[in-house]
Amino acid sequence: NMDLRSLRCSAILKLNQAEKFKDFEKIYFPYNIDFRGRAYPIPPHLSNIGSDLCRGILKFAESKPLGPRGLYWLKVHLANLAGNDKISFDERAQFTDDRMHLIRACVEDPLKQDDEQHRWWMTLDDPFQGLATCYEIVRAIDSGDPEAYECSLPVHMDGSCNGLQHYAALGLDRGGGTAVNLCPGEKPEDVYIGVMEEVIRRVAEEAAKDLGDIGDLVMQKDKLTKEEYKMLTNHKAAKLVNGLIDRAVVKRTVMTSVYGVTFIGARSQIQEKIEEKLLASGFEIDEIEPEIHQACGYLASLTMDVMGELFQGARQTMNWLTACARLISSQNHPVAWISPIGVPIIQPYRKTKAHSIVTLLQTVVLVDQSDDLPIHKHRQVSAFPPNFVHSLDSSHMLLTALEMDRRGLVFSAVHDSFWTHPCDIDEMNVVLRECFVDLYKRPILETLKETWELRYPALKFPDLPEKGDLELEEVRKAPYFFQ
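Counting in the working numbering, the sequence shown runs from 425 upward without gaps.
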């Protein structure tokens, strides 16, 4: 009930803001950039970075004719919002065409009671954006001339596991780049499916093992060696989770692996999904909580091992960045660098001091965050690789925004999700690829190392990781790089 109350209050605040601004010809969102260079709208309730509801009620102020390809991209956009984004663009457009009767029913009466067809939009991954897209598709078709129909609905192109895309480009890692769509292909690669399939194979293999005499000593741990005990616990864990692993189980861990997820964090992410599946299978999870915890730890280790093997280039680059950050923080300096677009970045992590002030009415906690405080060495090290990648993805976004503005095209973005008018999607796809290739033709890691060597002459930084044979020019021809 408390969650529902919170969601209801949030929705009311968003709708109240929309009501106040609905009659304005244009509204503007002031932006701020964080210490890594990432751009965020300042308004807290209504903005394009908000929830599905926010995005579903926002349009560009300017309308543009759909042109020859605009309706096609609206259909692709609807398929994406329905979660059907692992097939080719043509198949996504066909997915929408095949459901045109549902789309028309939703537009005719989206709230009709006890009618699955009219409420189809509610089953989409992003229902409010989906409903808005349904309206635009029907209006465009019913206008009689879809190419001339004036549309102001943003269409999105999203990066494919964007953090890994940046790592693959940094290290010219062909294997990793192929897995995250940096290379041309007839259909999009799904990195989560690739990791899932390998994890499933290893779990099934472990569960099928015959441990012989070791299995008979399950209740006599004192008679097992450390290696035998580990074999036994892994076997038990594999038997518990075998058959429960799907894309959703590994997705969050894969997604956050490039942003420095810890083993504990990965275990927690996986445990949440595994418990849902065990509950659905009729298990009393409270009774087997220790076994679940141990099994999810095994699964987290396995998933991270598979990620390290599939993305060796990313792992080597991440390890190099971590080693350099450890050297710098050992000198009691915060890790600092300059992003490719010239934003100076200093990691703010310091050992803050909390002071409690007790009054008759309450206790107030004041936190001292002065730059004179000693740095938090562990956070300086662990946070640097993800922060460095965020400075690169923000550079790519801002370079794309500048080029779109130079061409007179409307552009908005939420980190690695780039938005424009449906008629301009093809041109934006060219621009964002050109900006990405130009960005990674720069000697980013070499420049980073040189600046640190100048600033810290007493430190011996490790050699740069070896690069692979990925050709950056292939990105220009990769249709599912952003999709």
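Glycine is no exception: its CB is placed at the ideal position from the N, C-alpha and C atoms.
Quiz item: How about ASP566 and GLN907: are their beta carbons less than 8 Å apart?
Solution: Translated into the one-based positions of the sequence shown, residue 566 becomes position 142. Translated into the one-based positions of the sequence shown, residue 907 becomes position 483. No, these two residues do not count as a Cβ contact at 8 Å.
Exercise. For ALA747, I'd like the list of residues in its chain whose CB is within less than 6 Å of its CB, leaving aside the five on either flank, ordered along the chain.
Key: Along the sequence shown, read from residue 1 onward, the residue named residue 747 stands at position 323. Closer than 6 Å at the Cβ level, and outside the excluded window around ALA747, lie PRO886.
Self-check item: Inter-stretch contact at 8 Å, needing at least 3 Cβ pairs: the region 568 to 587 / the region 715 to 723
Solution: No contact exists between the region 568 to 587 and the region 715 to 723.
Practice problem: Assign THR677 to one of two classes, buried (16 or more other C-beta atoms within 10 Å of its C-beta) or exposed (fewer than that). | Solution: Translated into the one-based positions of the sequence shown, residue 677 becomes position 253. It counts as buried.
Exercise. Report buried or exposed for LYS536, applying the criterion of at least 16 other Cβ atoms within 10 angstroms of its Cβ.
Key: As a working note, residue 536 is residue 112 in the sequence shown. By the 10 Å Cβ count, LYS536 comes out exposed.
Quiz item: Considering only the beta carbon of each residue, do LYS483 and LEU577 sit closer than 8 Å?
Solution: Here the question's residue 483 lines up with position 59 in the sequence shown. Here the question's residue 577 lines up with position 153 in the sequence shown. In contact: LYS483 and LEU577 (Cβ atoms closer than 8 Å).
Self-check item: beta strand (DSSP E) segment containing ASN508, residue limits
Solution: Here residue 508 corresponds to residue number 84 of the sequence shown, with the count starting at 1. Note, ASN508: premise wrong, no beta strand (DSSP E); not H, not E.
Practice problem: Compute the Euclidean distance between the alpha carbons of VAL674 and MET620, then round it to the nearest angstrom. | Solution: The residue you call residue 674 lines up with position 250 of the sequence shown. The residue you call residue 620 lines up with position 196 of the sequence shown. One C-alpha to the other measures close to 6 Å.
Quiz item: Below 8 Å between beta carbons: does that hold for LEU751 and LYS775?
Solution: Within the sequence shown, residue 751 is the residue found at index 327, counting from 1. Within the sequence shown, residue 775 is the residue found at index 351, counting from 1. Their beta carbons are not under 8 Å apart, which means LEU751 does not touch LYS775 by this criterion.
Practice problem: Per DSSP, which residues does LEU790 bridge with? Please list them. | Solution: Within the sequence shown, the letter at position 366 stands for residue 790. Bridge partners of LEU790: HIS779.
Exercise. Helix, strand or coil for PHE835, going by three-state DSSP, please let me know.
Key: Here the question's residue 835 lines up with position 411 in the sequence shown. In the structure shown, PHE835 adopts coil according to DSSP, grouped into three states.
Self-check item: Local conformation of ILE651 per DSSP, three classes
Solution: The residue you call residue 651 lines up with position 227 of the sequence shown. Residue identity differs from the one stated: residue 651 is Glu in this sequence, not Ile. For GLU651, the secondary structure class from DSSP, reduced to helix, strand or coil, is helix.
Quiz item: In its own chain, which residues sit with a C-beta less than 7 Å from the C-beta of GLN693, not counting the 5 before and 5 after it?
Solution: As a first step, residue 693 is located in the sequence shown; it is residue number 269 there, counting from the start. So the qualifying residues of the chain are ARG676 and THR677.
Quiz item: Cβ of ALA572 within 8 Å of Cβ of LEU734?
Solution: As a working note, residue 572 is residue 148 in the sequence shown. As a working note, residue 734 is residue 310 in the sequence shown. No, these two residues do not count as a Cβ contact at 8 Å.
Self-check item: Where GLY568 falls: helix, strand or coil (DSSP)
Solution: The sequence position of residue 568 within the sequence shown is 144, counting from 1. GLY568 carries a coil assignment under DSSP once its states are collapsed to helix, strand and coil.
Quiz item: Is the CB-CB distance between ARG598 and LEU894 below 8 Å?
Solution: Counting from 1 along the sequence shown, the entry for residue 598 is found at position 174. Counting from 1 along the sequence shown, the entry for residue 894 is found at position 470. Yes, these two residues count as a Cβ contact at 8 Å.
Quiz prompt | Closest residue to ARG528 among GLY554, LEU505, ASP538 and SER512 (Cα-Cα distance) | solution = In the sequence shown, the residue the question calls residue 528 occupies position 104. The option with the nearest alpha carbon to ARG528 is GLY554.
Practice problem: Please work out which residues of its chain come closer than 6 Å, Cβ to Cβ, to ALA593, disregarding the five sequence neighbours upstream and downstream, and give them in chain order. | Solution: As a working mapping, residue 593 is identified with position 169 in the sequence shown. Result list for ALA593: TYR864, in chain order.
Quiz prompt | At least 3 beta-carbon pairs within less than 8 Å: the region 790 to 808 vs the region 491 to 498 | solution = These segments do not touch.
Exercise. Classify TYR559 as helix, strand or coil using the three-state DSSP reduction.
Key: Here residue 559 refers to the residue found at position 135 of the sequence shown. Looking at TYR559 - three-state DSSP - the assignment turns out to be helix.
Self-check item: Under the three-state DSSP convention, the category LYS488 falls into
Solution: To locate residue 488, count along the sequence shown from 1; it is residue 64. Correct three-state label for LYS488: strand.
Quiz item: Does the separation of the CB atoms of PHE905 and ASN605 fall below 8 Å?
Solution: The residue you call residue 905 lines up with position 481 of the sequence shown. The residue you call residue 605 lines up with position 181 of the sequence shown. Cβ atoms of PHE905 and ASN605: closer than 8 Å.
Quiz prompt | For PRO768, three-class secondary structure by DSSP | solution = Counting from one through the sequence shown, the residue named residue 768 turns up at place 344. Strand at PRO768.
Quiz item: Cα-Cα, which of CYS530, GLU870 and ALA662 is closest to HIS717?
Solution: Counting from 1 along the sequence shown, the entry for residue 717 is found at position 293. Checking every option, the nearest Cα to that of HIS717 belongs to ALA662.
Quiz prompt | Selected residue, minimal CA-CA separation from HIS802, among ILE868, ARG857, THR686 and GLY892 | solution = Within the sequence shown, the letter at position 378 stands for residue 802. Scanning ILE868, ARG857, THR686 and GLY892 for the CA closest to the CA of HIS802 turns up THR686.
Self-check item: Start-to-end residues for the beta strand (DSSP E) that takes in TRP843
Solution: By one-based count along the sequence shown, residue 843 stands at place 419. Where TRP843 is concerned, the enclosing beta strand (DSSP E) stretches over 841 to 844.
Quiz item: Does the count of Cβ pairs from the region 547 to 564 and the region 700 to 715 closer than 8 Å reach three?
Solution: The region 547 to 564 is not in contact with the region 700 to 715.
Quiz item: Looking only at its own chain, which residues have a Cβ that is under 6 Å from the Cβ of PRO768, when we skip the five neighbours before and after it?
Solution: For this step, residue 768 is matched to residue 344 along the sequence shown. For PRO768, where only same-chain residues beyond five positions count, the Cβ hits under 6 Å are ILE762.
Quiz item: By DSSP, does VAL579 sit in helix, in strand, or in coil?
Solution: Locating residue 579 in the sequence shown gives position 155, counting from the first residue. Strand, per DSSP.
Quiz prompt | Contacting residues, own chain, Cβ-Cβ under 7 Å from ARG739 (five flanking each side not counted) | solution = By 1-based counting over the sequence shown, the position of residue 739 is 315. These residues qualify, in order along the chain: GLY732.
Quiz prompt | Cβ-based burial, ALA760 [other Cβ within 10 Å; buried from 16] | solution = As a position in the sequence shown, residue 760 is number 336, starting the count at 1. Under this definition ALA760 is an exposed residue.
Quiz item: Alpha carbon to alpha carbon, how far is HIS845 from ASN853?
Solution: Numbered from 1 along the sequence shown, position 421 holds the residue referred to as residue 845. Numbered from 1 along the sequence shown, position 429 holds the residue referred to as residue 853. Approximately 12 Å between the Cα atoms of the pair.
Exercise. Using the DSSP secondary-structure output, state which residues sit across from ASN605 in a beta bridge.
Key: In the sequence shown, the residue the question calls residue 605 occupies position 181. Here ASN605 is not bridged, per DSSP, to any residue.
Quiz item: Relative to the ligand GTP, is the shortest distance from any of its heavy atoms to the C-beta of CYS720 smaller than 7 Å?
Solution: The ligand GTP is not among the ligands present in this structure, which contains no ligands whatsoever.
Quiz item: How about LYS510 and CYS847: are their beta carbons less than 8 Å apart?
Solution: The residue labelled residue 510 in the question sits at position 86 within the sequence shown. The residue labelled residue 847 in the question sits at position 423 within the sequence shown. Result no, Cβ atoms of LYS510 and CYS847 do not sit closer than 8 Å.
Quiz item: Between ARG462 and HIS820, which are expected to be in contact by the criterion C-beta below 8 Å, what is the C-beta distance as a whole number of angstroms?
Solution: By one-based count along the sequence shown, residue 462 stands at place 38. By one-based count along the sequence shown, residue 820 stands at place 396. HIS820 and ARG462 do not touch by the CB rule: their CB atoms are close to 11 Å apart, not below 8 Å.
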